[in-house]
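Student: Sending over a structure as structure tokens; questions will come in a sec.
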Ligand SMILES: Cc1cc2nc3c(=O)[nH]c(=O)nc-3n(C[C@H](O)[C@H](O)[C@H](O)COP(=O)(O)OP(=O)(O)OC[C@H]3O[C@@H](n4cnc5c(N)ncnc54)[C@H](O)[C@@H]3O)c2cc1C
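Residue numbers (the working numbering): 17 to 398.
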């Protein structure tokens, strides 16, 4: 009997656990360890913010894994020893024949200190009630969406959030009184997808009167209401409501493990997702996967695909066979007002640069996004 340890119950971990369960003999044990006992998709937070649907309706309990003969351990991983394929957790130590690390990221502590309670972390579900309250009460000034550093999850999401904010201000009849801007350290909206897709997204923002301030690195946030100081040119940005996107870091337990590479993330082989340790794989946001021009975006869709590939390679390690290859193909939803969605799709591994296309937004694609969520929740947890 083999035992496979999966660290993390997010996109990568759940996709891998489900794939392994359908591939390995039923006598093999699959163990998912996660500090959170819930799962929801990142975009469900923006649907909550937009008033489309409360977050709890898109949330599922990881206890459902038990019904699929996958053991769920609700615990925090405190140490990873890839050499012996052993992990320490707050519920004891576990050893396995194979290990998949899919622990996601944490927000940069430096960026959380920078805002020191003066703004809301747009990506933190716990901040949703406060963000709703801010959206309901703002009547003048500016709502500023500030990307504080890179890499960050789901590159289109801060821009989608700005579009959501505009929609809500319009519904309240105060759109003409409140400016909405996005400030980013990046030179364009979607560097991983390239200048063409970036220009299209910038056009959607301009159509809604959203200001785009690229190439700005926020160096401090002071006062109440907050003023942001931008390095390189003593520029000051005042706002009534500040929504920030902190840079992502690998979780401390990953950083402290020998798995982490010079990027600060795990750097597995980009096609097999194998690390340099035998039987040890890593997928999703806790990894850094290079492309010809930058790195693979941190996205749930890609984490899930990687999770399936890693699962098939683990099965091949244990029982033989060819395994699987991640070819860098992926897609990402970009939601615009009116329940319409554009889709970024293509090959992130294309040479000499990623070959990513952006479709026009459509209601049919909004339905595709809903079906994507429905399908995976049903496959993994319903
Ligand atoms: C607002 C927003 C919108 C988004 N929209 C999209 C979108 O439209 N499309 C898309 O593809 N992606 C989107 N994303 C990004 C997507 O959510 C992430 O890229 C995805 O969740 C990454 O999957 P993962 O498995 O690597 O990590 P996660 O899904 O973050 O899972 C990490 C898991 O590890 C667990 N964990 C962490 N540390 C420990 C520890 N020490 N011990 C035990 N368990 C631990 C966590 O509890 C969690 O279960 C969005 C994100 C946000 C915030």
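The beta carbon of each residue, even a glycine, is placed where N, CA and C say it ideally should be.
(1) Provide the residue(s) that pair with residue 137 in DSSP beta bridges, ordered along the chain.
(2) Distance check for residue 387 and residue 262, CA to CA, integer angstroms please.
(3) Around the Cβ of residue 70, are there at least 16 other Cβ atoms within 10 angstroms (buried) or fewer (exposed)?
(4) Rounded to a whole number of angstroms, what is the C-alpha to C-alpha distance between residue 223 and residue 180?
(5) Run through DSSP, which three-state label would residue 183 get?
(6) For a test of the three-state rule: what should DSSP assign to residue 175, helix, strand or coil?
(7) Could I get the ranges of all uninterrupted beta strand (DSSP E) runs contained in the segment 323-385, with 3 residues as the minimum, in chain order?
(8) I'd like to confirm the pairing. Which residues does DSSP put opposite residue 399 in its beta bridges?
(9) What first and last residue would you give for the alpha helix (DSSP H) that runs through residue 131?
(10) At a cut-off of 7 Å, is residue 204 close to ligand 1 when judged by its beta-carbon and the heavy atoms of the ligand?
(11) Where do the N-terminal and C-terminal ends of the alpha helix (DSSP H) with residue 153 fall, by residue?
(12) For residue 321, count the other beta carbons within 10 Å of its own beta carbon; 16 or more makes it buried, fewer makes it exposed. Which is it?
(13) Am I right that residue 234 and residue 32 are in contact with their C-beta atoms under 8 Å? What's the rounded C-beta distance?
(14) Give the list of continuous beta strand (DSSP E) stretches no shorter than 3 residues that lie fully inside the segment 248-309.
(15) If you reduce the DSSP assignment to three classes, tell me which class residue 245 lands in.
(16) Measure from the alpha carbon of residue 53 to the alpha carbon of each residue in 44, 34, 59, 79, then state which is nearest.
(17) Just the C-alpha distance for residue 174 and residue 199, rounded to the nearest angstrom, thanks.
(18) Between residue 23 and the rest of its own chain, which residues show a CB-CB distance below 6 Å, the 5 nearest in sequence each way excluded?
(19) Could you check if residue 241 is buried or exposed, using at least 16 other CB atoms within 10 Å of its CB as the buried criterion?
(20) Any contact of the segment 304-311 with the segment 71-90, i.e. 3+ C-beta pairs under 8 Å?
(21) Do the segment 206-223 and the segment 185-193 meet, that is, are 3 or more Cβ pairs less than 8 Å apart?
(22) Can residue 169 be considered in contact with ligand 1, in the sense that its beta carbon sits closer than 7 Å to one or more heavy atoms?
(23) State the start and end residues of the unbroken beta strand (DSSP E) segment that holds residue 235.
(24) Residue 27: beta carbon under 7 Å from a heavy atom of ligand 1?
(25) Can you say whether residue 57 is buried or exposed, counting buried as having 16 or more other CB atoms within 10 angstroms of its CB?
(26) Considering only the alpha carbon of each residue, which of 264, 367, 72 lies closest to residue 121?
(27) Cα-Cα, which of 100, 360, 271 is closest to residue 208?
(28) Within the same chain, show all residues whose beta-carbon is closer than 7 Å to that of residue 310, passing over the 5 residues directly before and after it, in chain order.
(29) Any idea which residues DSSP pairs residue 192 with across the strands?
(30) Beta-carbon separation of residue 330 and residue 302 under 8 Å?
(31) When you compare each of 66, 254, 203, 163 to residue 194 by their alpha carbons, which one comes out closest?
(32) Measuring alpha carbon to alpha carbon, tell me which residue in 156, 131, 192, 146 is nearest residue 165.
(33) Using DSSP with H/G/I as helix, E/B as strand and the rest coil, what is residue 156?
(34) Less than 7 Å separating the Cβ of residue 369 from some heavy atom of ligand 1?
(35) Run the CB neighbour count on residue 212, radius 10 Å, all protein chains shown included, and call it buried at 16 or more, exposed below.
(36) For residue 92, name the three-state secondary structure that DSSP assigns.
Tutor: So, to answer that:
(1) Start at 1 with the first residue of the chain shown, and residue 137 comes out as number 121. Beta-bridge annotation (DSSP): residue 137 is paired with 260.
(2) Counting from one through the chain shown, the residue named residue 262 turns up at place 246. Counting from one through the chain shown, the residue named residue 387 turns up at place 371. Rounded to the nearest angstrom, the two C-alpha atoms are 29 Å apart.
(3) Translated into the one-based positions of the chain shown, residue 70 becomes position 54. Exposed: under 16 other Cβ atoms inside 10 Å.
(4) Locating residue 223 in the chain shown gives position 207, where the first residue counts as 1. Locating residue 180 in the chain shown gives position 164, where the first residue counts as 1. For the pair residue 223 and residue 180, the Cα-to-Cα distance works out to about 14 Å.
(5) Taking the first residue of the chain shown as 1, we reach residue 183 at position 167. Under the three-state reduction of DSSP, residue 183 is assigned to helix.
(6) Looking up residue 175 in the chain shown gives position 159. Three-state result, residue 175: helix.
(7) 345-352, 356-363, 371-374, all fully within the segment 323-385.
(8) Outside the shown range of the chain (17 to 398) lies residue 399, about which nothing can therefore be said.
(9) Locating residue 131 in the chain shown gives position 115, where the first residue counts as 1. Counting along the chain, the unbroken alpha helix (DSSP H) around residue 131 starts and ends at 125-131.
(10) Mapped onto the chain shown, residue 204 falls at position 188. No, the beta carbon of residue 204 sits no closer than 7 Å to any heavy atom of ligand 1.
(11) Here residue 153 refers to the residue found at position 137 of the chain shown. That run of the alpha helix (DSSP H) goes 144-153.
(12) By 1-based counting over the chain shown, the position of residue 321 is 305. Label assigned to residue 321: buried.
(13) Along the chain shown, one-based indexing puts residue 234 at 218. Along the chain shown, one-based indexing puts residue 32 at 16. Not quite, the Cβ-Cβ distance comes to about 36 Å (not below 8 Å), so this is no contact.
(14) Taking only runs of at least 3 residues, the beta strand (DSSP E) segments lying wholly in the segment 248-309 are 251-254, 257-261, 296-298.
(15) The count along the chain shown starts at 1 and reaches residue 245 at position 229. DSSP, reduced to helix, strand and coil, places residue 245 within a strand of the structure shown.
(16) Within the chain shown, residue 53 is the residue found at index 37, counting from 1. The shortest CA-to-CA distance from residue 53 to any of 44, 34, 59, 79 is the one to 79.
(17) Taking the first residue of the chain shown as position 1, residue 174 is located at position 158. Taking the first residue of the chain shown as position 1, residue 199 is located at position 183. Going by the C-alpha atoms only, they are around 10 Å apart.
(18) Locating residue 23 in the chain shown gives position 7, counting from the first residue. For residue 23, where only same-chain residues beyond five positions count, the Cβ hits under 6 Å are 49, 93, 117, 119.
(19) The residue you call residue 241 lines up with position 225 of the chain shown. Counting Cβ neighbours within 10 Å, residue 241 comes out exposed, since fewer than 16 surround it.
(20) These segments do not touch.
(21) As far as the Cβ criterion goes, the segment 206-223 does not touch the segment 185-193, which means the pair count is below three.
(22) The residue given as residue 169 occupies position 153 in the chain shown. Remark: the shortest separation between the CB of residue 169 and any heavy atom of ligand 1 falls under 7 Å.
(23) What you label residue 235 is simply residue 219 of the chain shown in a count that begins at 1. Start and end: 234-238.
(24) Locating residue 27 in the chain shown gives position 11, where the first residue counts as 1. With a threshold of 7 Å, the Cβ atom of residue 27 counts as near ligand 1, since some heavy atom of the ligand is closer than that.
(25) Mapped onto the chain shown, residue 57 falls at position 41. With 16 or more Cβ atoms within 10 Å of its Cβ, residue 57 is classed as buried.
(26) The residue given as residue 121 occupies position 105 in the chain shown. It is 264.
(27) Numbered from its first residue, the chain shown carries residue 208 at position 192. Among 100, 360, 271, the Cα nearest to that of residue 208 belongs to 360.
(28) The sequence position of residue 310 within the chain shown is 294, counting from 1. Excluding positions up to five away in sequence, the list reads 207, 208.
(29) Numbered from its first residue, the chain shown carries residue 192 at position 176. Per DSSP, residue 192 has no beta bridge partner at all.
(30) Stepping through the chain shown from its first residue, residue 330 is reached at position 314. Stepping through the chain shown from its first residue, residue 302 is reached at position 286. The answer is no: Cβ separation not under 8 Å.
(31) Mapped onto the chain shown, residue 194 falls at position 178. Comparing Cα-Cα distances from residue 194 to each of 66, 254, 203, 163, the minimum goes to 254.
(32) On the chain shown, residue 165 is found 149 positions in, with the first residue counted as 1. Nearest of 156, 131, 192, 146 to residue 165, Cα basis: 131.
(33) To locate residue 156, count along the chain shown from 1; it is residue 140. Three-state DSSP puts residue 156 in coil, outside helix and strand.
(34) What you label residue 369 is simply residue 353 of the chain shown in a count that begins at 1. Not so, every heavy atom of ligand 1 lies at least 7 Å from the Cβ.
(35) Sequence index remark: in the chain shown, residue 212 carries index 196 (1-based). Exposed, since its Cβ has fewer than 16 Cβ neighbours within 10 Å.
(36) Residue numbering aside, residue 92 sits at position 76 when the chain shown is read from its first letter. It is coil, neither helix nor strand.
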